[in-house]
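Novice: The sequence shown begins at 210 in this note's numbering and counts up by one.
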Amino acid sequence: MTNSRKKLVLYIDGASRGNPGKAGAGVVICDSTGKVIAEKKAFLGETTNNVAEYRAFLLALEEALAMKAGEIEVYTDSELLAKQWSGEYKVRNPRLKEFLKRARTLSQQFTKCQVVHIPRCQNRRADSLANRAIDEHI
């Protein structure tokens, strides 16, 4: 398997304290075997939880592109994000519409981009990163 075609598995989470409130994004990047190869976090300032979830998604897509991934699987505990991505839910918020549009544009650079909803208990590491981004800024 060449480097430009590698598969990455990404776990994403956004956190907001107050909704809106101080927010952070966390991304755990794993190789195809599940081994963690990178972690990313970002303080997002004051925003809502839904915006934080989308910002984590965009951060994950950008990191996967920088790592020259061919195929990605993105795991999120945000039912809203996963169902808006699949088209099951409509996107009414103009800001989220822009984030979704950007995510779709980025996703076209992969051979495959799958978004899967998982329970929060399976996303603790990304949640921890999102919260650490907030804690380290405060």
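Here a beta-carbon is modelled for each residue, glycine too, at the ideal position from N, C-alpha and C. Keep in mind the model is a prediction, meaning the values are calculated, not measured.
If you run the structure through DSSP and keep just helix, strand and coil, what is residue 314?
Specialist: Residue 314 falls in the helix class under three-state DSSP.
Novice: Does DSSP put residue 282 in a helix, in a strand, or in coil?
Specialist: Residue state, collapsed to three classes: strand.
Novice: What would DSSP say about residue 301, mapped onto helix, strand or coil?
Specialist: Residue state, collapsed to three classes: coil.
Novice: Assuming residue 254 and residue 275 form a contact by the criterion Cβ under 8 Å, report the distance between their Cβ atoms to the nearest whole angstrom.
Specialist: Residue 254 to residue 275, Cβ: 23 Å. No contact.
Novice: Identify the residues that DSSP records as bridge partners of residue 263: which are they?
Specialist: Answer by DSSP bridge pairing: none, since residue 263 is not bridged.
Novice: Under three-state DSSP, which class holds residue 343?
Specialist: Residue 343: helix per DSSP, three-state reduction.
Novice: Between residue 269 and residue 223, how many whole angstroms is the CB-CB distance? I'm expecting something under 8 Å.
Specialist: The Cβ separation is near 11 Å, so there is no contact.
Novice: If you measure between the beta carbons of residue 221 and residue 320, is that distance less than 9 Å?
Specialist: In this structure, residue 320 does not lie closer than 9 Å to residue 221 by Cβ.
Novice: Measure the Cβ-Cβ separation of residue 341 and residue 235 and say whether it is below 9 Å.
Specialist: In this structure, residue 235 lies closer than 9 Å to residue 341 by Cβ.
Novice: Can you tell me where the alpha helix (DSSP H) holding residue 295 begins and where it ends?
Specialist: 288-295 is the span of the alpha helix (DSSP H), which, as asked, contains residue 295.
Novice: State the Cα-Cα distance for the pair residue 294 and residue 324, rounded to the nearest angstrom.
Specialist: Taking the straight line from one Cα to the other gives about 7 Å.
Novice: Output the distance between the C-alpha atoms of residue 282 and residue 243, rounded to the nearest integer angstrom.
Specialist: About 11 Å.
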